[in-house]
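Working notes, structure below.
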Amino acid sequence: MPLAEPLSERDHALRLLAAQGERARAGAGRLVLLRGATGTGRTALLGAAAEQAAGQGMRVLRGRGTPEDGGADWGVARQLFGADADFLREPPASAGTSPAEHRRTQGVLLWRLLETYARRGPLFVAVDDAHAADPA
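Per my numbering, the sequence shown starts with residue 0, numbered consecutively.
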């Protein structure tokens with residue numbers, strides 16, 4: 000959804016993010032962390048950067064860490080990947096599988112899903128309020 004009004008004083012940050020997007024599209028993966036105090040516009044900047052990435056032909060995956068998830072495992076991953084990540088909701092397949100083994104298996108499957116997405120084209124993965132995400 001387009002921004003209702005332009006972000007003030009964020010041109011420099013958007014240019015930096017666009018440059019990182021260019022590098023990612025050229026095959027060099029990037030991690031960008033936006034930091035700032037509450038109310039400084041991180042969410043709006045992330046939204047603008049996601050729009051910018053989509054406009055550059057990147058596939059955009061968005062999620063948000065929230066305390067309201069009740070600590071549900073893989074909450075942000077399920078937001079990012081939607082129905083493709085339904086396997087994250089499944090209980091262990093056998094009674095002989097420990098919770099730790101099951102979580103490891105889910106992590107491997109999630110990594111493979113991310114690799115599949117990345118093979119199809121460049122990704123922009125945006126997680127707002129990652130500090131509030133579940134530990135999985």
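We put the CB at the ideal spot given by N, CA and C, even for glycine.
Because the structure is a prediction, the values reported are computed rather than measured.
Alpha carbon of residue i to alpha carbon of residue j, nearest angstrom
i	j	result
F86	V124	20 Å
L109	R58	17 Å
L15	E89	40 Å
D133	Q78	12 Å
L2	G106	Summary for L2: the model assigns pLDDT 48, below 50, so the residue's position carries little reliability, and this model does not support an answer.
G38	G54	26 Å
G95	A25	45 Å
R103	A27	27 Å
E67	H11	33 Å
S97	A71	18 Å
A99	A36	35 Å
A82	E114	16 Å
Close-in-space but distant-in-sequence residues of the same chain around residue i (CB under 6 Å, 5 per side omitted)
i	result
D127	T42, L45 and R63
A23	R29 and P121
W73	L87 and A135
Own chain residues within Cβ distance below 8 Å of residue i, not counting five before or after
i	result
Q51	L13, L16, A17 and G20
R34	R41
R119	R58
A76	G62, A84, L87, L109 and A135
A49	V59, R61, F123 and A125
Supposed close pair residue i, residue j - CB separation, criterion 8 Å
i	j	result
L112	F80	6 Å
T65	A131	6 Å
Close beta carbons around residue i, own chain, < 7 Å, minus the five adjacent residues each side
i	result
L122	M57, R58, L60 and Y116
Identity of the residues DSSP links to residue i by a beta bridge
i	result
A173	No answer is possible for residue 173: it lies beyond the span of the chain, which begins at 0 and ends at 135.
T123	Checking the displayed sequence, the identity of residue 123 turns out to be Phe instead of Thr. According to DSSP, F123 bridges with V59.
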